[in-house]
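Structure first, then comments.
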Amino acid sequence: DSSRLWRSVVEDVAKDYPEVTLEHMLVDNCAMQIVHNPCQFDVVLTENMFGDILSDEASMVAGSIGMLSSASLNEPSHGSAPDIAGKNIANPIATVLSAAMMLRYSLDLDQEAEAVENAVQKILKDGYRTVDIMSEGCTQVSTSEMGDLLVKALA
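Here our numbering is used: the first residue of the sequence shown is 1442, the next is one more, and so on.
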């Protein structure tokens, strides 16, 4: 019943946005498509359980769960990660990009959102990485160092 309600509400809201293409997809097919051809997706809108599953899967396409922004109210980006709490090793990029989404879609501040996204791209292009996405030839930084680099890139 909740799935039928979800579909009905999404279809009703979609009528107000004719410039947005709405395509329904079963979650198992979506999971396969994310692995097979992730570039076909711009936004995936789903209920919380399926969203949690699909975002975890998509994170491996991007290299780490710490790389994917999301908009889910009343919880941190992609869960709480108690196993790394207090170690200063969490990747803050997903949360920073979620803030960019908020700027763009909730506050209609496109230039500010783009500045945040560009700062993330610059830091990654410059080779800075948290432990979860570390690769040879890059510089490993802590959570707080990554945050400082992002703030500096925004200035």
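No residue lacks a Cβ here, since even glycine has one placed at the ideal position from N, Cα and C.
Member of Leu-1595, Thr-1584, Leu-1590 and Leu-1591 whose CA lies at the smallest distance from the CA of Gly-1507: Working through the sequence shown from its first residue, we reach residue 1507 at position 66. Closest by alpha carbon: Thr-1584.
Using the three-state DSSP reduction, which class does Thr-1580 fall into: helix, strand or coil? Taking the sequence shown and counting its residues from 1, the one referred to as residue 1580 is at position 139. Strand.
What does Arg-1387 pair with, by DSSP beta-bridge criteria? Because the chain in this structure spans residues 1442 to 1596, residue 1387 falls outside the shown range and cannot be described.
Lys-1456 to Val-1484 span [Cα, whole Å]: Translated into the one-based positions of the sequence shown, residue 1456 becomes position 15. Translated into the one-based positions of the sequence shown, residue 1484 becomes position 43. Taking the straight line joining both Cα atoms gives about 17 Å.
Which one of Val-1468, Leu-1467 and Asp-1453 has the shortest CA to CA distance from Val-1461? Within the sequence shown, numbered from 1, the residue matching residue 1461 stands at position 20. Among Val-1468, Leu-1467 and Asp-1453, the Cα nearest to that of Val-1461 is on Asp-1453.
Classification of Ser-1444 by the beta-carbon crowding that lies within 10 angstroms, buried from 16 upward: Indexing the sequence shown from 1 puts residue 1444 at position 3. It counts as exposed.
Under a Cβ-count criterion, where at least 16 other Cβ atoms within 10 Å of its own Cβ denotes burial, should Tyr-1458 be classed as buried or exposed? For this step, residue 1458 is matched to residue 17 along the sequence shown. Residue environment: Tyr-1458 is assigned as exposed (fewer than 16 neighbouring CB atoms within 10 Å of its CB, all protein chains considered).
Thinking C-alpha only, which one of Glu-1577, Asp-1493 and Arg-1448 is nearest Leu-1463? Your numbering for residue 1463 matches position 22 in the sequence shown. The shortest Cα separation from Leu-1463 among Glu-1577, Asp-1493 and Arg-1448 belongs to Arg-1448.
Just the Cα atoms here: how many angstroms apart are Met-1473 and Thr-1571? For the purposes of this step, residue 1473 is identified with residue 32 of the sequence shown, where counting begins at 1. For the purposes of this step, residue 1571 is identified with residue 130 of the sequence shown, where counting begins at 1. Taking the straight line from one Cα to the other gives about 28 Å.
The alpha helix (DSSP H) with Ala-1472 in it runs from where to where? Numbered from its first residue, the sequence shown carries residue 1472 at position 31. Where Ala-1472 is concerned, the enclosing alpha helix (DSSP H) stretches over 1468-1477.
Near Glu-1498, what residues of its chain come up, given a Cβ to Cβ distance below 8 Å and the 5 sequence neighbours on each side ignored? One-based indexing of the sequence shown puts residue 1498 at position 57. In its chain, beyond the 5 residues on either side, Ala-1472, Ile-1475 and Val-1476 have a beta carbon closer than 8 Å to the beta carbon of Glu-1498.
Taking all protein chains shown into account, decide if Asn-1532 is buried (16 or more other Cβ within 10 angstroms of its Cβ) or exposed. The residue given as residue 1532 occupies position 91 in the sequence shown. With 16 or more Cβ atoms within 10 Å of its Cβ, Asn-1532 is classed as buried.
With H, G and I counted as helix, E and B as strand and the rest as coil, what does DSSP make of Leu-1463? Reading the sequence shown from its first residue, position 22 is the one you call residue 1463. It is coil, neither helix nor strand.
For Phe-1482, does the three-state DSSP call read helix, strand or coil? As a first step, residue 1482 must be located in the sequence shown, where it is residue number 41. Of the three classes helix, strand and coil, the one that applies to Phe-1482 here is coil, per DSSP.
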